[in-house]
Amino acid sequence: MEVIRTLALSGSLREASYNTAAIEVMQVLFPDNIEIDICSIGDLPLFNPDREGERIPSLDKLVQALRNSDGLIIASPEYAHGVSGPMKNALDWLISGVDFPDKLIMFINTSPRASHAQESLREILKTMSGIVVEEASVSIPLLSTDLNVSGIVKNIKISNALMTGLKKFGAEIERQKLNKHVN
Ligand SMILES: Cc1cc2nc3c(=O)[nH]c(=O)nc-3n(C[C@H](O)[C@H](O)[C@H](O)COP(=O)(O)O)c2cc1C
Numbered sequence: 009m010e011v012i013r014t015l016a017l018s019g020s021l022r023e024a025s026y027n028t029a030a031i032e033v034m035q036v037l038f039p040d041n042i043e044i045d046i047c048s049i050g051d052l053p054l055f056n057p058d059r060e061g062e063r064i065p066s067l068d069k070l071v072q073a074l075r076n077s078d079g080l081i082i083a084s085p086e087y088a089h090g091v092s093g094p095m096k097n098a099l100d101w102l103i104s105g106v107d108f109p110d111k112l113i114m115f116i117n118t119s120p121r122a123s124h125a126q127e128s129l130r131e132i133l134k135t136m137s138g139i140v141v142e143e144a145s146v147s148i149p150l151l152s153t154d155l156n157v158s159g160i161v162k163n164i165k166i167s168n169a170l171m172t173g174l175k176k177f178g179a180e181i182e183r184q185k186l187n188k189h190v191n
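Each step along the sequence shown adds one to the number in my numbering, with nothing skipped, and position 107 is 115.
This is the structure we're talking about:
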């Protein structure tokens with residue numbers, strides 16, 4: 009069985025972040041054939057096009073992780089109806105690179121009431137030529153639950169939703185890889 013490599017990014021820098029917890033849960037429960045690399049985006053400098061091409065260790069790490077991945081998992085909160093600053097900043101750094109276009113993306117929304125940021129993120133990702141795999145994307149009601157990683161793992165409904173989404177994501181990545189071999 010070929011291993012599928014995914015990169016997961018959380019748009020929250022909060023210690024007890026639900027979004028970070030959601031991707032950490034997937035790392036705990038991942039199916040045998042799917043690897044999840046979590047990369048922090050909190051150390052990236054503020055995006056400045058003048059600095060593109062500079063050696064920035066945190067950015068080099070992110071770009072390398074993206075390059076090594078077959079798919080990207082994004083879990084990001086909404087602030088004032090907008091995309092979180094850290095997530096927008098990270099995506100801005102990736103706009104000009106060659107690794108983002110055609111990347112398959114699984115979306116995790118940990119707050120089903122937060123629709124504006126999700127819509128805006130979708131538009132940004134589409135503009136960057138990423139491909140959101142809708143059937144793999146999940147909305148899980150973590151907001152105000154106080155659940156941490158082990159709490160989410162024990163919550164069968166929520167952990168099943170994450171795993172089902174991840175398996176569908178893996179299946180779509182495999183399908184696209186097969187298509188590329190055939191064509
Ligand atoms: C300053 C601030 C603004 C927020 N604005 C919104 C908002 O517009 N819509 C919303 O649904 N939630 C909003 N929230 C709630 C966050 O999205 C929520 O706390 C989320 O869990 C944060 O993600 P995290 O748990 O991964 O850190 C806001 C939170 C903060 C601190």
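We put the beta carbon where it would ideally sit given N, CA and C, even for glycine.
On the DSSP bridge list, what partners appear for residue i?
i, result
"ALA83", "SER18, ILE116"
"ARG13", "GLU43"
Within 10 angstroms of the Cβ of residue i, are there 16 or more other Cβ atoms? Answer buried if so, exposed if not.
i, result
"PRO53", "exposed"
"ILE113", "buried"
"LEU186", "exposed"
"THR14", "buried"
"ASP68", "exposed"
"ASN41", "exposed"
"LYS134", "exposed"
"MET9", "exposed"
"VAL106", "exposed"
"LYS111", "buried"
"VAL33", "buried"
"SER25", "buried"
"SER18", "buried"
"ILE164", "exposed"
"SER92", "buried"
"VAL11", "exposed"
"ASP78", "buried"
Could you give the C-beta distance for residue i and residue j, rounded to a whole number, given that I count them as a contact under 8 Å?
i, j, result
"SER137", "PHE115", "Actually they do not touch by this definition, with Cβ atoms about 16 Å apart."
"ILE148", "LEU170", "7 Å"
"VAL141", "GLU86", "Not really, about 21 Å apart at Cβ, beyond 8 Å."
"ALA83", "ALA30", "5 Å"
"PRO94", "GLY50", "6 Å"
"ILE46", "PHE38", "Actually they do not touch by this definition, with Cβ atoms about 11 Å apart."
| Complete beta strand (DSSP E) runs within the segment 38–62 (minimum length 3 residues, chain order) | 42–46
| message | To test your reading of the DSSP string, which unbroken alpha helix (DSSP H) runs of 4 or more residues are found completely within the segment 84–163? | response | 93–102, 123–135, 157–162
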